[in-house]
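2 protein chains.
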Amino acid sequence: MKTQFKEISGSIVAPTGFLASGVFCDIKKLGTGKGSNKGEKRDLALIVSETPATVAGMFTTNQVCAAPVKVCAERVKKGTAQVVVVNSGNANACTGKQGMADARDMVSFTEQALGFSAGRALVGSTGRIGVIMPMDNVRAGIIEAVLELGYTTAHADHAVVAIMTSDTKPKQIALEFKLGGRTVRIGGICKGAGMIQPGMSGTGARPAALPGGHPQGLHATMLGFITTDAAVERKVLQVALQEAVAHSFNRITVDGDMSTNDTVLVLANGLAGNKPVGRASSRADLHIFQAALNHVCLELAKKIVRDGEGVHRVVTVRVSGAKTVQDADAAARAVANSALVKTSWHGGDPNWGRIIDAIGYSAATVVEEKIDIGYSAPSSKKILWSLKRGQPTKATFKQLCAAVAPKEFELHIQLNLGKSSAVMYAADLTEEYVDFNKGDVTDASSLGG
Amino acid sequence: MKTQFKEISGSIVAPTGFLASGVFCDIKKLGTGKGSNKGEKRDLALIVSETPATVAGMFTTNQVCAAPVKVCAERVKKGTAQVVVVNSGNANACTGKQGMADARDMVSFTEQALGFSAGRALVGSTGRIGVIMPMDNVRAGIIEAVLELGYTTAHADHAVVAIMTSDTKPKQIALEFKLGGRTVRIGGICKGAGMIQPGMSGTGARPAALPGGHPQGLHATMLGFITTDAAVERKVLQVALQEAVAHSFNRITVDGDMSTNDTVLVLANGLAGNKPVGRASSRADLHIFQAALNHVCLELAKKIVRDGEGVHRVVTVRVSGAKTVQDADAAARAVANSALVKTSWHGGDPNWGRIIDAIGYSAATVVEEKIDIGYSAPSSKKILWSLKRGQPTKATFKQLCAAVAPKEFELHIQLNLGKSSAVMYAADLTEEYVDFNKGDVTDASSLGG
Numbered sequence: 003m004k005t006q007f008k009e010i011s012g013s014i015v016a017p018t019g020f021l022a023s024g025v026f027c028d029i030k031k032l033g034t035g036k037g038s039n040k041g042e043k044r045d046l047a048l049i050v051s052e053t054p055a056t057v058a059g060m061f062t063t064n065q066v067c068a069a070p071v072k073v074c075a076e077r078v079k080k081g082t083a084q085v086v087v088v089n090s091g092n093a094n095a096c097t098g099k100q101g102m103a104d105a106r107d108m109v110s111f112t113e114q115a116l117g118f119s120a121g122r123a124l125v126g127s128t129g130r131i132g133v134i135m136p137m138d139n140v141r142a143g144i145i146e147a148v149l150e151l152g153y154t155t156a157h158a159d160h161a162v163v164a165i166m167t168s169d170t171k172p173k174q175i176a177l178e179f180k181l182g183g184r185t186v187r188i189g190g191i192c193k194g195a196g197m198i199q200p201g202m203s204g205t206g207a208r209p210a211a212l213p214g215g216h217p218q219g220l221h222a223t224m225l226g227f228i229t230t231d232a233a234v235e236r237k238v239l240q241v242a243l244q245e246a247v248a249h250s251f252n253r254i255t256v257d258g259d260m261s262t263n264d265t266v267l268v269l270a271n272g273l274a275g276n277k278p279v280g281r282a283s284s285r286a287d288l289h290i291f292q293a294a295l296n297h298v299c300l301e302l303a304k305k306i307v308r309d310g311e312g313v314h315r316v317v318t319v320r321v322s323g324a325k326t327v328q329d330a331d332a333a334a335r336a337v338a339n340s341a342l343v344k345t346s347w348h349g350g351d352p353n354w355g356r357i358i359d360a361i362g363y364s365a366a367t368v369v370e371e372k373i374d375i376g377y378s379a380p381s382s383k384k385i386l387w388s389l390k391r392g393q394p395t396k397a398t399f400k401q402l403c404a405a406v407a408p409k410e411f412e413l414h415i416q417l418n419l420g421k422s423s424a425v426m427y428a429a430d431l432t433e434e435y436v437d438f439n440k441g442d443v444t445d446a447s448s449l450g451g
Numbered sequence: 003m004k005t006q007f008k009e010i011s012g013s014i015v016a017p018t019g020f021l022a023s024g025v026f027c028d029i030k031k032l033g034t035g036k037g038s039n040k041g042e043k044r045d046l047a048l049i050v051s052e053t054p055a056t057v058a059g060m061f062t063t064n065q066v067c068a069a070p071v072k073v074c075a076e077r078v079k080k081g082t083a084q085v086v087v088v089n090s091g092n093a094n095a096c097t098g099k100q101g102m103a104d105a106r107d108m109v110s111f112t113e114q115a116l117g118f119s120a121g122r123a124l125v126g127s128t129g130r131i132g133v134i135m136p137m138d139n140v141r142a143g144i145i146e147a148v149l150e151l152g153y154t155t156a157h158a159d160h161a162v163v164a165i166m167t168s169d170t171k172p173k174q175i176a177l178e179f180k181l182g183g184r185t186v187r188i189g190g191i192c193k194g195a196g197m198i199q200p201g202m203s204g205t206g207a208r209p210a211a212l213p214g215g216h217p218q219g220l221h222a223t224m225l226g227f228i229t230t231d232a233a234v235e236r237k238v239l240q241v242a243l244q245e246a247v248a249h250s251f252n253r254i255t256v257d258g259d260m261s262t263n264d265t266v267l268v269l270a271n272g273l274a275g276n277k278p279v280g281r282a283s284s285r286a287d288l289h290i291f292q293a294a295l296n297h298v299c300l301e302l303a304k305k306i307v308r309d310g311e312g313v314h315r316v317v318t319v320r321v322s323g324a325k326t327v328q329d330a331d332a333a334a335r336a337v338a339n340s341a342l343v344k345t346s347w348h349g350g351d352p353n354w355g356r357i358i359d360a361i362g363y364s365a366a367t368v369v370e371e372k373i374d375i376g377y378s379a380p381s382s383k384k385i386l387w388s389l390k391r392g393q394p395t396k397a398t399f400k401q402l403c404a405a406v407a408p409k410e411f412e413l414h415i416q417l418n419l420g421k422s423s424a425v426m427y428a429a430d431l432t433e434e435y436v437d438f439n440k441g442d443v444t445d446a447s448s449l450g451g
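Now the structure itself:
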């Protein structure tokens, strides 16, 4: 069953009963920072529901985990929330006891400023690591953000800009669809451009094996916040988010570095009035909601890769025919994170030698003489094979160059050993990435970030 | 017991009874290639022993493994060899049955040209992947190389240049030391600059777990050839080489990509006349030989990192206090291969946030509040700590910048959880690396390389 969704404007305030705001309180210290948050000087956002909402969350599995992630994961377990406070410019990571106190202060101050009861606020942070939060600025920002709250697209636009760090573009989406006879809406915003290869779980704790193995991590925090006026039971919402993240945010990589702060939250306030989606729902309702959430997460995740630091080309790496899902994932991640493959993408070089080399050293079981490698346009089934059963095809160099020339293309790797597959949304490695990240050593405030 | 060795000239021909040569037979197609083998146009080398030598080898564990590696690993098992033929410009990898036939032809043609009995030749190749070997050129080169064989340093210089690809400098060493009352010598040459993170085993087959886990592979072939006139029993020689490689070539990374062709060979011809080093030897003899081999391998390995593609800074990453050796290795490799850590090294930025982030997402068990991070000069015990127990120290930004400013420095990571340690010899990531590797899409011959 393929579900079509209508994209609408309004982002996170498109669903009924959600308000947003984004303000500047100088957490970013824009005089010295490297953020390219051009002109839009905002660094604190609020996302508020008129009524308490059911909540689900996914968090970084990095063992070095920021204070806001710990506080947020703890609160998400309770299942209900009404506001998310998010800041950019400071990750509040590696900040010790003071960092934990500051993260708790952010949520309780936000609850007080909104007149909400304790436990209703969640928190997310992104920015420099190892710098104590400027709490006077944060508190002033929260008060201003409460005063600025509103229901318009402009309010959502302010919020999405306020969570950006090295992002060059705001990333948002909203959909409208029918669920149990009612019109429901789902909206989302996200940020992330570097330190990007999320591997999130529902608790932030490491599963014995992450879905797909995840041999290495990511870096440049990604944050995602999703709102919906659909009514969804809490456990179903958490399972649905896990499923959606597994196929979206946990499948992207910009630079292979997993951040200390990766967080995705979804708030469902039920104001659309549908019969709650839950274990007693019709399978159709469950399916439609899952599809909508998948769509929102995948589109947002792809926007992160497209806006990755210094990224010129976006490549969807599709591995199929693996013996196990873990093998497919391992091969896809090895290719997606290989410095040599990524630089060849940058150069528009259809270099299958580097690709098969990365497949060969991955943790996946592979047989050189069975490997096929090919290219297609995004979502096209017309594949130009450069390698079949480990040997070059008759595709010409000119044809192959044309296949890898577009800003976006798909790389198909068929291992011909089994039935498992995996996908990674990856990016090239450019001089701009290196230049951007080699740091500004005139600025001591960048020490941890 | 610390052993001192006298460095001498002569490289691989310093040991008694070894000859070498290096010639140009246009395997490199220098008109179109990107190799920076400036002025010295050589691409085929021979290393010959006057008498049959005991041999040991270590080979890439990449499942996509080049024909010469397969042929060489098979022959090394027999334990005796007298000549190594090596070419640059073509890796003879992913070349199917023709590639295997060509690798076998290279060894048998070399044996015939030298009048050696069958089975005496070993082979190594490096260069483009997926291109059939130009065997007419190779055969002409072998004949010329046989005619050019000689015992002088100039002959060794020709050989070392002939194995280079993107290397900018020849890499060689020789030592002289006493063993069982006799003067013995050991010499070595190597090549490698990109596609460098070797993970070699004695058979090329993957152990259940490689020493130190090895979560990901390497790329830009490394080749190493070591000669000695010491007499060493075959099994002892293999064990000694495994030990030496485990602490040298298998501990380096330039770009995290493991090659299809990584190979290290050692030939011991016994012409020094010492009582063979073996299981019946004195522990002192075994120890001295091991120490000499370790020294040769480590110095050669470090030369590869220093001459890595686009490398400006070389960083020794020392992880200690891990629960297990696997943990120490995983943490060291995560840091050594992190794009964000490597770009910060390039920028001279003492960014501990990126380092602790990489430690946190590694497969190692770590506790943020126990991690210490510091810097020292090479081999110095005077460490400037930037982080203690997860919190910034009072070291000033200026002091930390000074610690990471030199072309070589050591990064110390103390996990404070156990007694295991690991080291990685790593490099920064620069714009030059990206520029060099983004490929030359005007050149179809680079397709696989």
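Residue numbers (our numbering), protein chains in the order written: chain A, 3 to 451; chain B, 3 to 451. Virtual Cβ for every residue (Gly too), placed ideally from N, Cα, C.
C-beta neighbour in chain B for residue i, strict 7 Å
| i | result |
| --- | --- |
| Thr128/A | no |
| Ile254/A | no |
| Ala324/A | no |
| Thr345/A | yes |
| Ile358/A | yes |
| His289/A | no |
| Gln328/A | no |
Nonlocal neighbours in the same chain, by C-beta distance under 6 Å from residue i, ignoring five residues either side
| i | result |
| --- | --- |
| Asn353/A | Ser346 |
Sequence-distant residues of its chain with Cβ nearer than 8 Å to residue i (five each side left out)
| i | result |
| --- | --- |
| Ser284/A | Gly182 |
| Thr53/B | Gly19, Gln84, Asn271, Gly272 and Leu273 |
Interface flag, residue i vs chain A, CB-CB below 7 Å
| i | result |
| --- | --- |
| Gly81/B | no |
| Asn39/B | The predicted position of Asn39/B is uncertain, since its pLDDT is 43 and thus under 50; no value can be drawn from it. |
| Leu431/B | yes |
| Glu311/B | no |
| His249/B | no |
| Gly349/B | yes |
| Tyr363/B | yes |
| Thr262/B | yes |
| Leu225/B | no |
| Lys440/B | yes |
Proximity winner among the options, relative to residue i (alpha-carbon distances)
| i | options | result |
| --- | --- | --- |
| Ala246/B | Gly376/B, Phe291/B and Ala366/B | Phe291/B |
| Ala274/A | Ser110/A, Lys79/A, Ala55/A and Met102/A | Ala55/A |
| Leu48/B | Pro136/B, Ile228/B and Leu239/B | Ile228/B |
| Lys277/A | Ala233/A, Asn418/A and Asn271/A | Ala233/A |
| Ala139/A | Gly152/A, Thr395/A, His157/A and Asp104/A | A quick correction: the sequence has Asn, not Ala, at residue 139/A. Closest option to Asn139/A, Cα to Cα, is Asp104/A. |
| Gly12/A | Asn296/A, His160/A and Asp45/A | His160/A |
Whole-angstrom C-beta distance between residue j and residue i, which should lie under 8 Å
| i | j | result |
| --- | --- | --- |
| Val57/B | Ile165/B | Incorrect: roughly 18 Å between the Cβ atoms, too far for contact. |
| Phe411/B | Ala405/B | 6 Å |
| Asn339/A | Gly226/A | At roughly 21 Å, the Cβ-Cβ gap does not stay under 8 Å, so Asn339/A and Gly226/A are not in contact. |
| Leu419/A | Lys325/A | 5 Å |
Cβ neighbours of residue i in the same chain (closer than 7 Å, five flanking residues each side left out)
| i | result |
| --- | --- |
| Ala68/B | Ala93, Asn94, Ala95, Ser127, Thr262 and Asn263 |
| Ala336/B | Ala360, Ile361, Tyr363 and Ser364 |
| Met108/B | Val87, Val125 and Val140 |
Distance between residue j and residue i (C-alpha atoms, nearest Å)
| i | j | result |
| --- | --- | --- |
| Glu76/A | Thr82/A | 12 Å |
| Lys400/A | Gln84/A | 56 Å |
| Pro17/A | Cys299/A | 16 Å |
| Glu311/A | Gly194/A | 9 Å |
| Leu402/A | Ser382/A | 16 Å |
| Thr223/A | Lys180/B | 57 Å |
| Val327/B | Ala424/B | 7 Å |
| Tyr249/A | Gly201/B | Tyr is not the amino acid found at residue 249/A; the sequence shown has His there. Straight-line Cα distance between these residues: approximately 31 Å. |
| Gly355/A | Thr97/B | 11 Å |
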